[in-house]
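Note sheet for the following structure.
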């Protein structure tokens with residue numbers, strides 16, 4: 114844990130912790146837990162952090178985001194919960210990450226020669242979340258794989274400090290850009306969706322291939338249907354077989370759109386290539 118709460122309810126970042134200012138009594142930030150934690154100083158092998166002792170009630174409780182390792186579904190739910198409370202309260206250092214995924218679009222033509230000549234391997238390594246002296250998250254992300262890696266390798270309290278730079282000087286909380294299918298449906302049909310691409314995670318249940326279009330249908334949740342759409346123009350860019358995707362959890366990136374055929378309210382996402390999907394299992 115890198116963030117804790119004080120007795121007064123204020124939030125405290127481990128790198129800025131001072132016993133004189135914050136006191137010695139500290140607690141887990143998860144509202145379902147609030148277990149007492151202790152401060153651990155920075156060492157040669159680890160950054161400063163907070164942890165439970167395992168004694169006298171100092172243990173994370175079932176339902177806490179730190180009780181056990183979370184999959185992406187659980188992580189994003191917890192991040193949304195933490196982000197709402199932490200950012201509302203203020204006083205927490207914000208980690209701004211630039212989303213730069215134009216390169217995965219087969220229609221994208223750069224205006225000029227890119228200055229960055231790193232190889233794909235080097236770019237992936239650059240995007241990999243690392244523990245640095247003052248920066249715990251990457252400055253930019255350029256692939257769906259790197260976004261998935263961020264979610265899988267970064268603790269939920271740090272993820273809750275992240276704002277995505279979506280262009281035009283606008284910054285949005287991570288939990289407003291990475292959505293489950295229910296939230297994506299609510300955003301779209303409630304006219305809350307921005308004119309940007311979103312990330313949505315879910316499980317592909319079935320795949321329908323037709324002459325002009327491919328539909329990848331997510332498992333329906335609470336009567337909310339969600340499908341990925343690949344048009345024939347991009348068939349050569351989309352080479353996944355049904356076996357490679359069906360029944361797999363995925364993180365996908367693309368533009369949300371409404372499908373009102375037969376007066377139904379279906380939510381779809383248009384994708385263009387393999388690079389728009391990252392398998393999670």
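Residue numbers (the working numbering): 114 to 394. No residue lacks a Cβ here, since even glycine has one placed at the ideal position from N, Cα and C. The structure presented is a predicted model; accordingly, all values stated were derived computationally and were not measured.
Per DSSP, the bridge partner or partners of residue 284:
Counted from its first residue, the chain shown places residue 284 at position 171. The partner list for residue 284 (beta bridge, DSSP) reads 278.
Bridge partners for residue 382 per DSSP, in chain order?
In the chain shown, counting from the first residue as 1, residue 382 sits at position 269. DSSP lists 341, 369 as partners of residue 382.
Which term fits residue 131, buried or exposed, when burial requires 16 or more other beta carbons within 10 angstroms of its beta carbon?
Within the chain shown, numbered from 1, the residue matching residue 131 stands at position 18. Exposed is the call here.
Taking C-beta to C-beta, are residue 339 and residue 315 nearer than 8 angstroms?
Against the chain shown, residue 339 aligns to sequence position 226. Against the chain shown, residue 315 aligns to sequence position 202. In this structure, residue 315 lies closer than 8 angstroms to residue 339 by Cβ.
Using the rule of at least 16 other Cβ atoms within 10 Å of the residue's Cβ for burial, across every protein chain shown, is residue 121 buried or exposed?
Mapped onto the chain shown, residue 121 falls at position 8. Under this definition residue 121 is an exposed residue.
Option in 155, 383, 114 with minimal Cα separation from residue 348
Taking the chain shown and counting its residues from 1, the one referred to as residue 348 is at position 235. It is 383 whose Cα lies nearest to the Cα of residue 348.
Report yes if the CB atom of residue 378 is closer than 8 angstroms to the CB atom of residue 265, and no otherwise.
If you number the chain shown from 1, residue 378 lands on position 265. If you number the chain shown from 1, residue 265 lands on position 152. No; because the gap between Cβ atoms is not below 8 angstroms, this pair is not in contact.
For residue 177, which residues from the same chain have a beta carbon less than 8 angstroms from its beta carbon, with the 5 sequence-adjacent residues on both sides left out?
The sequence position of residue 177 within the chain shown is 64, counting from 1. Excluding residues within five positions, the ones whose Cβ falls inside 8 angstroms are 141, 143, 145, 146, 148.
Assuming residue 162 is part of the beta strand (DSSP E), what are its boundary residues?
Numbered from 1 along the chain shown, position 49 holds the residue referred to as residue 162. Unbroken beta strand (DSSP E) run through residue 162: 162-164.
Nearest to residue 218 by alpha carbon, out of 351, 125, 272?
Stepping through the chain shown from its first residue, residue 218 is reached at position 105. Nearest of 351, 125, 272 to residue 218, Cα basis: 351.
Rounded C-beta distance between residue 137 and residue 163? I'm assuming under 8 angstroms.
Counting from one through the chain shown, the residue named residue 137 turns up at place 24. Counting from one through the chain shown, the residue named residue 163 turns up at place 50. Not a contact, Cβ separation roughly 12 angstroms.
Measuring straight from C-alpha to C-alpha, what distance separates residue 305 and residue 394?
As a first step, residue 305 must be located in the chain shown, where it is residue number 192. As a first step, residue 394 must be located in the chain shown, where it is residue number 281. Distance between the alpha carbons of residue 305 and residue 394 is about 31 angstroms.
What is the DSSP secondary structure of residue 126, counted as helix, strand or coil?
Walking along the chain shown from the start, residue 126 turns up at place 13. If DSSP states are grouped into helix, strand and coil, residue 126 belongs with the strands.
Skipping 5 residues on each side, what residues in its chain have a beta carbon closer than 8 angstroms to that of residue 337?
The residue given as residue 337 occupies position 224 in the chain shown. Excluding positions up to five away in sequence, the list reads 294, 295, 298, 380.
Report the rounded CA-to-CA distance for residue 114 versus residue 282, giving the unit in angstroms.
For the purposes of this step, residue 114 is identified with residue 1 of the chain shown, where counting begins at 1. For the purposes of this step, residue 282 is identified with residue 169 of the chain shown, where counting begins at 1. Those two C-alpha atoms are separated by around 30 angstroms.
Which of the three DSSP states is assigned to residue 270 in this structure?
Reading the chain shown from its first residue, position 157 is the one you call residue 270. Reduced to three states, the DSSP call for residue 270 is helix.
Closer than 6 angstroms by C-beta to residue 355: which residues in its own chain qualify, once you throw out the five before and the five after it? Chain order, please.
Translated into positions along the chain shown, residue 355 becomes position 242. Correct list, in chain order: 320.
Cβ atoms of residue 277 and residue 263: under 8 angstroms apart, would you say?
Along the chain shown, read from residue 1 onward, the residue named residue 263 stands at position 150. Along the chain shown, read from residue 1 onward, the residue named residue 277 stands at position 164. Not in contact: residue 263 and residue 277 (Cβ atoms no closer than 8 angstroms).
Between residue 387 and residue 366, how many whole angstroms is the CB-CB distance? I'm expecting something under 8 angstroms.
Translated into positions along the chain shown, residue 387 becomes position 274. Translated into positions along the chain shown, residue 366 becomes position 253. That pair is no contact at about 12 angstroms.
If you draw a straight line from the alpha carbon of residue 222 to that of residue 334, how long is it in whole angstroms?
Taking the first residue of the chain shown as 1, we reach residue 222 at position 109. Taking the first residue of the chain shown as 1, we reach residue 334 at position 221. The straight-line gap from Cα to Cα measures roughly 38 angstroms.
7 angstroms CB neighbourhood of residue 309 in its chain, flanking five on each side removed:
Locating residue 309 in the chain shown gives position 196, counting from the first residue. Hits under 7 angstroms: 279.
If you follow the beta strand (DSSP E) that residue 212 is part of, which residue opens it and which one closes it?
For this step, residue 212 is matched to residue 99 along the chain shown. Residue 212 -> beta strand (DSSP E) spans 208-212.
Apart from the five residues just before and just after residue 192, which ones in its own chain have a Cβ nearer than 7 angstroms to its Cβ?
Sequence index remark: in the chain shown, residue 192 carries index 79 (1-based). Correct list, in chain order: 269, 272, 273, 287, 288.
In the structure shown, what three-state DSSP assignment does residue 246 receive?
As a first step, residue 246 is located in the chain shown; it is residue number 133 there, counting from the start. Low confidence applies to residue 246: its pLDDT is 40, below 50, so where it sits in the model is not reliable, and the reading given next is rough at best. Coil, per DSSP.
Quick one: what does DSSP say residue 329 is sitting in, helix, strand or coil?
Here residue 329 refers to the residue found at position 216 when the chain shown is read from its first residue. In this structure, residue 329 counts as strand in the three-state DSSP scheme.
With respect to the beta strand (DSSP E) encompassing residue 319, which residues constitute its N-terminal and C-terminal limits?
Counted from its first residue, the chain shown places residue 319 at position 206. Looking at the DSSP string, the run of the beta strand (DSSP E) that includes residue 319 is 311-322.
I'd like the span of the alpha helix (DSSP H) that includes residue 300, first residue to last.
Here residue 300 corresponds to residue number 187 of the chain shown, with the count starting at 1. Segment 294-302, the alpha helix (DSSP H) holding residue 300.
In DSSP terms, what residue 391 is bridged to
Here residue 391 is taken as the residue at index 278 of the chain shown, counted from 1. Answer is 364.
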